[in-house]
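Enquirer: One rule links them: number in our numbering = place in the sequence shown (from 1) + 15. For each residue, glycine too, the CB sits at the ideal point set by N, CA and C. Because the structure is a prediction, the values reported are computed rather than measured. Have a look at this one.
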Amino acid sequence: MPPERPKRASHRLQAKVSCQLCQKEFSSQGITAHERACRRKDEHRQHDLALQRREQDIESESSSNDEEQGVQSFVRAHNEGQLPFDGTGLLPLSANDDGSVNEAIEVNDSSQPHPPTDEPPAWPAPFFTIQYHPSSSLPPSTISLDNASQSLDERLVPASRAYDSGKPWLPFKTRGDFEFCHFVVSSRLSVQETNTLLRGMHQNRGWTSKCTLSFKTWADIQDALAQARPFFPQFRHEIVKYDFEGKQYSFTLTFRDPWEWIESIVCDPTLAHEIQWYPYQKFYHEHGKITRVYDELMSGDACWAAQDSISTVKTSIPRCYLPIHYWSDKGKVSGRVSKYPVVLRPGFLPASIRNGSGNGGGVIIAYIPVPVEYTETKQMSSSEQTKHATRKRTMVHAALEHLFRSLVKKSHQGEPIECGDTVVRILFPGIPIISADYEEATTVLINRGVRAKHPDGSCDVLRTQLHDCQHPVRRRTVREMMNALSAALSASTITARDEILKEFGTYIVKNAFWPLKNSDPYLAFCLEILHVLDLGLAKRIFSLLIEYITGKDVKLAERLNEIFASLPIYPDLKKMHNVTGIEFTDGNTMLHIMKCLVYCLANLLPKNSPWVHLVRAYSCLRLVLGFKVMTEGRLALAEQLLTDYQKCTEAIPAPATWDFFKQHILSHALADVRLKGATHNYSARPGEGMIQEVKQAYEDSNGKNVEVRMALIDQDQEIMAQMNEWLKLYDKQSQMEDTDSDEEPEIESKLSKSTKDKVDLSPTTDHHALGSPIRAGRIVGHIEREHPNQPEYSNFLRKLSDFIALGHHNLDDCPPLQGQFFVHFWKCAYINYISCEDWLPRRDIIRCNPNFQGNKRFDTVLVNDTPLRFARVLALFTWRYHPAKKPISFALVRYFQDSTWKPKTPFKGMRILKERKESHFIYVASIIRSCHMPQVPDHAEHYFMNDTIDADMYLRMNSCNL
């Protein structure tokens, strides 16, 4: 037991001290927090001055053509590898002797006076700078963290040309017609259901009256949809022919013209201000250090290099590279039927838009025919398997070649077009990202698969080197593979031809991506989190682990299930009761299992179990590779975690083997981030959601002429979604116009006296809001005896009075607490905080409820202190100390303290805590966020700190200043 702390009532009489910055007087106990706030204000002032100086420098540079050319020369030298770049366009980064660039440098402006040596420098608040590609002629921009989290909904975008008339529901006769049609399409109502609903509405039955819809039947809705469908690129059905072994074959391809789809996006005024027309390099500045940031696709080096190939200087007509994200996968839509959709996403739009399903999101661009297989592949001979695989790939690439016809010439020469912001640009499409699972990758890259000499179609790795995930192997090039195909075609014998193809692990098929400029398929294929990690490595590690546990002792497996079932509830974390019995699972389930698995194993498996270290190494690596924003520092961390993971796999005894593709592809992960931004840019998760839409469309088809019917269903869904977005923007603009009118709305007269006199006891701030009030106010002096068997409430009045007397609330008019005052209790708190992962706002829900869905739930939180502290929230309450003031929010908590106890297998980064018995008060404003603290199995008084629950917690707990 720790020694009892002395009573703090004497703090009421403590002398005041002056702040060294603002000279105001405060309690000595609160002066540290106040000076920290004062210092932050001063940093903001310094930051504003620095921005003013930066803008003046930029203006002076732009006034001189010679200086502008000097900056462009500097940028080109950097792109050619001659100079490092810091993101400001002015300061070169320091380089090491070996030619590598330091990830951060300290900025030292000799024109400014040096601060006194006994005081820390007053650095400006952290900010971002963005260096745009030289061909954009845009000056470097600066973004403060305060503006980095601006919501898309807060921006006003111009009206679409589709509703210049003020009627965004056209060609529907009325808004009601459109909204009803949108309901029918999105709800997937059948013909019979729709007709029954319309008949009932028009007959004015008991549940409806005065129906104004112009629709009488399903046919009327189809007529209106037929007029609306041309608003979005429509599907075509064309015959495609291809040659195979001297014979000509044909099939019908259902597809949309990808260039028409691109036009619909770049010409849409509602999206014009979201499009990233030029690649850029983003840098994060903090405390005089600068580090490169990779987030969106346009922040990577691949788009920068593609833009270099188009133009390195400003031209009279802007020339822009438009990156496209390609995804395809064959999936079952019924027990016996499979469909093969191809989905494209606009890589030049932010991920929040392109990964969605609304306007600007991914679209099914084609359905590739699935050939009928009369014989299972396993029953074929080796030569038959080769013939079958060759024909399959020939057919797929014939379809893709037909699909890409409208893009090939434009990718080389560009296409001028007036964009949605009325600016004419010459646009160059390209495909820098291909997302696919391994089976699909072997088709797209024309690879022979796991038994090939080179199982990875994107590089030259040998089958015996797949276990090495640290050292990337050279990527293949389009020129190299074209030469290999040419050599095979010109071989004098079939045997010589086959030897050449086997040497490269490929087939005698021309790749449809080769004619597209800036669309190297071997560079575009990259590590995909869902299939490689969640459904690949995680599933393999977990299955090997369960096999090891059940083989060692069946009771261990039963105990593991009990431990998993006892894990504390946490938002978005799946609750599982029979984790060892999982056979078929999705990627999200495996992700949730790996977040908590190490804490369930550390005190369960034998001492120093290598499985514990492997699970820990993988879960950390998976978390870091999944960051939505990567920096050079985080890439260095990922490289170290990759080394740890490699060592842990080597420590696992036979028969476990790691020579497989998904282990090897990790070696390309860091290079992929530098080329194409964070891994969410090439995630297959959004594409996998399309399979569900395809399945629903198949179910709604009539079973005859299926793909034609599926195309119409998808067309209706796309146009309804697009028009619905137009309608939302129209409503928003109308609302803003009404707000700007000169007439004052008569709101006051509409409020009843009871409404105006009602007191809002819910304290809401930028940081938090409380919810679910328990009951009416309670007298603070009675609380202790209302909880006679709960020691955390003992001396409630005295401890709360002493806490308030410390003065941390910084309120000049706060009176001493007395026993007759009322307080109000709440069951949950909504905490807002800025994530360390991407510097964007997040919200956590914290509950302290003795009966939450039939169970007690008192969540644990991270408390802002030095150092950070952990606590369990026992109660939330507010005290309105003045009728005209908002109430103060308090939390009654029990702190955790670090413990020296160790489980059977301590692991790297482990933190064990023990819950203290005494309770304390804190302000809700001091809560940073919630945290997940699993109980140590068989040691109820000890808890693990789960730092792999999410990216923000990992960065905070591991002091990753990245």
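Out of curiosity, what's the CA-to-CA distance linking Leu977 and Val308?
Expert: Roughly 10 Å separates the two Cα atoms.
Enquirer: For the putative contact between Asn879 and Ile964, defined by C-beta atoms under 8 Å, what is the C-beta separation to the nearest angstrom?
Expert: Going by Cβ atoms, the distance from Asn879 to Ile964 rounds to 19 Å, so no, they are not a contact pair.
Enquirer: Using a C-beta cutoff of 8 Å, does Ser314 count as contacting chain B?
Expert: The question asks about chain B, but that chain is absent: this structure has only one protein chain.
Enquirer: I'd like the ranges of any alpha helix (DSSP H) spanning at least 4 consecutive residues and lying wholly in the region 492-535.
Expert: For the region 492-535, whole alpha helix (DSSP H) runs of length 4 or above, ordered along the chain, are 493-504 and 509-519.
Enquirer: From which residue to which residue does the alpha helix (DSSP H) around Gly648 run?
Expert: From DSSP, the alpha helix (DSSP H) with Gly648 extends over Glu647 to Ala666.
Enquirer: Give a yes or no on contact between the region 611-622 and the region 643-662, applying the rule of three or more CB pairs nearer than 8 Å.
Expert: Flag = no, the region 611-622 and the region 643-662 do not touch.
Enquirer: Please determine, among Gln748, Asp817, Ser151 and Leu516, the residue with the shortest C-alpha to C-alpha distance to Thr401.
Expert: With distances taken between Cα atoms, Thr401 lies closest to Leu516.
Enquirer: State the start and end residues of the unbroken beta strand (DSSP E) segment that holds Ile927.
Expert: Residues Ile927 to Glu930.
Enquirer: May I ask whether a heavy atom of the ligand HEM can be found less than 7 Å away from the beta carbon of Lys610?
Expert: This structure simply doesn't include the ligand HEM, nor any ligand for that matter.
Enquirer: Helix, strand or coil for Gly371? Go by DSSP, reduced to three states.
Expert: Coil, per DSSP.
Enquirer: Among Ala239, Glu703, Ala404 and Phe363, which one has its Cα closest to the Cα of Lys691?
Expert: Considering only alpha carbons, the answer is Phe363.
Enquirer: Could you check what DSSP says for His546 in three-state terms: helix, strand or coil?
Expert: Of the three classes helix, strand and coil, the one that applies to His546 here is helix, per DSSP.
Enquirer: Taking only three categories from DSSP, how would you classify Phe198?
Expert: In the structure shown, Phe198 sits in a helix (DSSP, three-state: H, G or I).
Enquirer: Counting beta carbon pairs with one atom in the region 296-310 and one in the region 445-457, are three or more of them shorter than 8 Å?
Expert: No contact exists between the region 445-457 and the region 296-310.
Enquirer: With a cut-off of 8 Å on the beta carbons, I'd call Ile861 and Ile846 a contact; round off their distance for me.
Expert: Rounded, the Cβ-Cβ distance is 6 Å, consistent with contact.
Enquirer: Can you tell me whether DSSP reads Ser974 as helix, strand or coil?
Expert: Coil.
Enquirer: Measure how close the beta-carbons of Asp475 and His469 come, nearest whole angstrom, since I'm counting them as under 8 Å.
Expert: That pair is a contact at about 6 Å.
Enquirer: Got a sec, what are the start and stop residues for the alpha helix (DSSP H) Trp342 sits in?
Expert: No alpha helix (DSSP H) contains Trp342, which is instead part of the beta strand (DSSP E) from Arg334 to Ser343.
Enquirer: Residues in its own chain within less than 7 Å of Leu638 by CB, not counting five upstream and five downstream?
Expert: Only Thr963, Ala966 and Tyr969 meet the Cβ criterion.
Enquirer: If contacts are defined as beta-carbon pairs under 8 Å, then Lys643 and Ala693 qualify, I think. What distance do you get, rounded to the angstrom?
Expert: Right, their Cβ atoms sit about 5 Å apart.
Enquirer: Between Tyr341 and Tyr382, how many whole angstroms is the CB-CB distance? I'm expecting something under 8 Å.
Expert: Contact flag wrong, Cβ pair sits at about 15 Å.
Enquirer: If I'm right that His947 touches Ile927 with Cβ under 8 Å, what's the distance once you round it to whole angstroms?
Expert: Wrong, their Cβ atoms sit about 14 Å apart, outside the cutoff.
Enquirer: What are the start and end residues of the alpha helix (DSSP H) that includes Lys710?
Expert: Arg700 to Asp715 is the span of the alpha helix (DSSP H), which, as asked, contains Lys710.
Enquirer: Please go through the same chain and pick out, in chain order, the residues whose beta-carbon is closer than 8 Å to the beta-carbon of Phe247, but skip the five residues on each side of it.
Expert: Ser279, Gln730, Glu733, Ile734 and Gln737, listed in sequence order.
Enquirer: At the level of alpha carbons, what is the spacing between Leu171 and Glu289?
Expert: Low confidence applies here, because Leu171 scores a pLDDT of 35, under 50, leaving its location unreliable; read the following figure in that light. Each residue's alpha carbon lies about 11 Å from the other.
Enquirer: Considering just the uninterrupted stretch of the beta strand (DSSP E) at Gln428, what are its terminal residues?
Expert: Not the beta strand (DSSP E): Gln428 falls in the alpha helix (DSSP H), residues Arg420 to Gln428.
Enquirer: Only counting the same chain, and skipping five residues up and downstream in sequence, which positions put a Cβ closer than 8 Å to that of Arg857?
Expert: Cβ within range, chain order: Asn847, Tyr848, Ile849, Ser850, Arg944 and Asp967.
Enquirer: Looking only at its own chain, which residues have a Cβ that is under 7 Å from the Cβ of Arg884, when we skip the five neighbours before and after it?
Expert: The residues are Val878 and Tyr910.
Enquirer: Quick check on the DSSP output: the alpha helix (DSSP H) that includes Phe557 runs from which residue to which?
Expert: Ala553 to Lys567 is the span of the alpha helix (DSSP H), which, as asked, contains Phe557.
Enquirer: Mind checking which residues open and close the alpha helix (DSSP H) that includes Thr211?
Expert: Unbroken alpha helix (DSSP H) run through Thr211: Val206 to His217.
Enquirer: How should Ala580 be labelled, buried or exposed, when 16 other C-beta atoms within 10 angstroms of its C-beta is the threshold for buried?
Expert: Burial call: exposed.
Enquirer: Go through the region 256-343 residue by residue and report every complete run of the alpha helix (DSSP H) that reaches 4 residues or more, in order.
Expert: Segments of the alpha helix (DSSP H) lying fully in the region 256-343: 273-281, 284-287 and 316-325.
Enquirer: Name the two residues that bound the continuous alpha helix (DSSP H) containing Arg490.
Expert: Premise fails: Arg490 is in no alpha helix (DSSP H) and is neither H nor E.
Enquirer: Under a three-way DSSP split, which group does Ala844 fall into?
Expert: Strand.
Enquirer: Look at the alpha carbon of Ser501 and the alpha carbon of Arg494, and state the distance between them as a whole number of angstroms.
Expert: Spanning the two alpha carbons is a distance of roughly 10 Å.
Enquirer: Given a cut-off of 8 Å, decide if Trp894 and Phe836 are closer than it, judged by their beta-carbon atoms.
Expert: Against a cut-off of 8 Å, the Cβ pair of Trp894 and Phe836 comes out as a contact.
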